[in-house]
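The sequence shown begins at 540 in the working numbering and counts up by one.
The structure appears below as structure tokens.
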Amino acid sequence: MGSVVESVGASERRRVLVALGIPLLFWLTVELAANLGFLPLVLAVGLAAYLYTRETEQETLAAGFAGVGLLLVSLFLLQLYWVGATGSTEPLADAATRLSGWLLTGVVLLGLGYWLYRVEV
């Protein structure tokens, strides 16, 4: 993992590419998977700003993984809320099963971000 972190830290250009690329991938993935309007775009812009302000390349990568994970878990919970609050005909358990990939991916990315933040590079 050290070589990836060093590669990102080799130049400011690479760090900016990571700070913009991770939110762009998040936005494209969520935009293609769900119809949430402008919400994914707003979240991606906020994530890009947050990633750009990280001090080191290791913090940038760790925050990228953890940030996307947190956003996916949050969107999972938001989707479940919408199913329940809007009186959808879809049972809540079915919605949770349908969206479980978001939850699983989010938890894995949160764990990876935490691990990357704690590991010595």
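Every residue gets a Cβ at the ideal spot worked out from N, C-alpha and C, and that includes glycine.
Host alpha helix (DSSP H) of residue i (start-end)
{"i": "Thr592", "result": "Careful: Thr592 lies outside any alpha helix (DSSP H) and carries neither H nor E."}
{"i": "Val569", "result": "551–572"}
{"i": "Ser639", "result": "639–657"}
Cβ neighbour criterion (16 or more within 10 Å) applied to residue i
{"i": "Pro494", "result": "Since the first residue shown for the chain is 540 and the last is 660, residue 494 is missing from the structure and cannot be characterised."}
{"i": "Gly650", "result": "exposed"}
{"i": "Val547", "result": "buried"}
{"i": "Ala572", "result": "exposed"}
{"i": "Leu556", "result": "exposed"}
{"i": "Arg554", "result": "buried"}
{"i": "Ala588", "result": "exposed"}
{"i": "Ala558", "result": "buried"}
Any non-hydrogen atom of the ligand ATP within 7 Å of residue i CB
{"i": "Leu580", "result": "Absence of the ligand ATP is noted for the structure shown, with no ligands found whatsoever."}
Residues near residue i in its chain [Cβ-Cβ closer than 6 Å; skip 5 each side]
{"i": "Ala602", "result": "Leu590, Arg593"}
{"i": "Leu611", "result": "Trp641, Thr644, Gly645"}
{"i": "Thr595", "result": "none"}
{"i": "Leu648", "result": "Phe604, Val607, Gly608"}
Which listed residue (the options) has its alpha carbon closest to that of residue i
{"i": "Trp641", "options": "Pro630, Val658, Leu559, Leu609", "result": "Leu609"}
{"i": "Glu551", "options": "Leu638, Ser627, Leu586, Thr599", "result": "Thr599"}
{"i": "Ala583", "options": "Thr595, Leu571, Ala573, Leu564", "result": "Leu564"}
{"i": "Leu618", "options": "Gly652, Ala549, Val647, Gly576", "result": "The identity of residue 618 in the sequence shown is Gln, whereas the question assumes Leu. Among Gly652, Ala549, Val647, Gly576, the Cα nearest to that of Gln618 belongs to Gly576."}
{"i": "Thr636", "options": "Arg657, Val622, Trp654, Leu655", "result": "Val622"}
Other residues of its chain near residue i: CB distance less than 7 Å, five sequence neighbours each side excluded
{"i": "Pro708", "result": "Nothing in the structure corresponds to residue 708, since the chain is present only between 540 and 660."}
{"i": "Tyr653", "result": "Ala605"}
Cβ neighbours of residue i in the same chain (closer than 8 Å, five flanking residues each side left out)
{"i": "Ser627", "result": "Trp621, Ala634"}
{"i": "Leu638", "result": "Phe615, Gln618, Leu619"}
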